Amino acid sequence: MRRTLYLHIGSHRTGTTSIQRFMQKNFATLTKRGYLYPYQVSRHIKLINELFSGKRTVKDAAQNLTERADRWGSVHSIVLSDEDISTRRDPALLAAFQKDFDVKVVFFIRRQDLWLESWYFQNIKWQWNPELSHCTFEQFLSHRDTFHWIHYNRYIARLEALFGAENVHLAMFETPQMPDGPVTEFCRQIGLTDMAGLTAPQHFNASMSAEMVAFIRHLPLDSFNPPERDLLRVALEQVDQVHLRNTTKQSERIMPHDLRCSILRDYEKGNAALATRRFGRERLFLDPLPDPDAPLARLDLPADPSEVIHRFVGPLLTRLVQNKTISGDNPKL
Numbered sequence: 005m006r007r008t009l010y011l012h013i014g015s016h017r018t019g020t021t022s023i024q025r026f027m028q029k030n031f032a033t034l035t036k037r038g039y040l041y042p043y044q045v046s047r048h049i050k051l052i053n054e055l056f057s058g059k060r061t062v063k064d065a066a067q068n069l070t071e072r073a074d075r076w077g078s079v080h081s082i083v084l085s086d087e088d089i090s091t092r093r094d095p096a097l098l099a100a101f102q103k104d105f106d107v108k109v110v111f112f113i114r115r116q117d118l119w120l121e122s123w124y125f126q127n128i129k130w131q132w133n134p135e136l137s138h139c140t141f142e143q144f145l146s147h148r149d150t151f152h153w154i155h156y157n158r159y160i161a162r163l164e165a166l167f168g169a170e171n172v173h174l175a176m177f178e179t180p181q182m183p184d185g186p187v188t189e190f191c192r193q194i195g196l197t198d199m200a201g202l203t204a205p206q207h208f209n210a211s212m213s214a215e216m217v218a219f220i221r222h223l224p225l226d227s228f229n230p231p232e233r234d235l236l237r238v239a240l241e242q243v244d245q246v247h248l249r250n251t252t253k254q255s256e257r258i259m260p261h262d263l264r265c266s267i268l269r270d271y272e273k274g275n276a277a278l279a280t281r282r283f284g285r286e287r288l289f290l291d292p293l294p295d296p297d298a299p300l301a302r303l304d305l306p307a308d309p310s311e312v313i314h315r316f317v318g319p320l321l322t323r324l325v326q327n328k329t330i331s332g333d334n335p336k337l
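Positions 5 to 337 (our numbering) are the ones given, in order, by the sequence shown.
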């Protein structure tokens, strides 16, 4: 039996973490239904990095995946998920999986203006890219051309050339086209329509508030090793929720209306071409733009330094001590 390999390639900020946690948590039930989500990890970034670095060959990975699927007997589909795939300049290497599997690509796309706002928040929060970790939003937008994958028409045409248009599954990340959320939509894209017996989808990796992002932008989190960075990020999230009381879903709208319209014009032609080619309609995205007078989240810090200490620095130190990240019991101190 020739199995199907689903490559979930992103993009970022389209519910990928929630999808990955759902697949990992429901491993046993999904495997019984014929879907293998391998390696007991939530995200397959290690495998993908090894493939693109040349540390591992596609042939070796395909053989290993086949052996794992064979152990379960009834597996008809294998699912790999790593949102960084979409950021790779050339995904051609992954086309070699077609020698062993029927490969289908699942790609979630989000309207570019909304994606850019969310991606800015994410880069400040996680600080893995020094070029973007401390940018103002205006500086961040100057890097926009490096986000080649959000030129959707061009990028998806490349995927279609590699895998065949019929094997590139597009999911639209907006409520009118994804009414039941990204996890349910992803399951639908891979042919899993019966959700009975599966753990209910959860939302992960929410953005911090704008005021916390404004504070974090000035912190050198990217100079720390990942474990230390994670401890600080947890404490900062606690400050945001507990001390600043930003407990509801936070607005990521930081783009003035004129700028939003200007940016969307840059993608308008490509979006229209993709909408016509793939959906037989004029518009790719159906949600309206935010109202021109809609309030924007503010990325400002208090002008008074003492207020910055009161709102951010003091609560952060309190959290680091309460979490025992800073502890007098540490024998190294």
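C-beta atoms are modelled at their ideal positions from N, C-alpha and C, and glycine is treated no differently.
Since the model is a prediction, treat every value here as computed from it, not as a measurement.
Which residue from the options puts its Cα closest to that of residue i?
i	options	result
E54	Y39, D86, L223, I82	D86
M212	V83, Q67, N127, A32	N127
T329	D234, R115, Q116	D234
I220	H207, M199, V243, D198	V243
K253	N229, M182, V312, H207	H207
I194	M5, R37, S15, S266	R37
D94	L163, T61, V79, V238	L163
S227	M27, R6, W132, T140	W132
S90	D104, F56, V62	F56
In the DSSP output, which residue or residues are listed as bridge partners for residue i?
i	result
S81	T8, Y39
For a test of the three-state rule: what should DSSP assign to residue i, helix, strand or coil?
i	result
M176	strand
I49	helix
M182	coil
P230	helix
W132	coil
F101	helix
H207	coil
Would you kindly work out how many angstroms separate the C-alpha atoms of residue i and residue j, rounded to a whole number?
i	j	result
P186	G19	6 Å
T251	I113	27 Å
T179	S310	42 Å
L320	L225	14 Å
A3	L288	In the structure as shown, the chain begins at 5 and stops at 337. Residue 3 is therefore absent and cannot be evaluated.
R75	T8	16 Å
I23	I313	38 Å
R249	F111	35 Å
K108	A165	13 Å
E121	P260	11 Å
R264	A66	43 Å
R269	A96	29 Å
S46	H155	27 Å
Y159	W153	6 Å
A99	V62	9 Å
Could you spell out the range, first to last residue, of the beta strand (DSSP E) harbouring residue i?
i	result
F111	106 to 113
How would you write the range of the alpha helix (DSSP H) that residue i sits in, first residue to last?
i	result
C265	261 to 278
E215	214 to 220
F26	20 to 29
W76	62 to 76
V325	318 to 326
I160	156 to 167
S340	Outside the displayed span of the chain (5 to 337) sits residue 340, for which this structure offers no information.
P309	309 to 312
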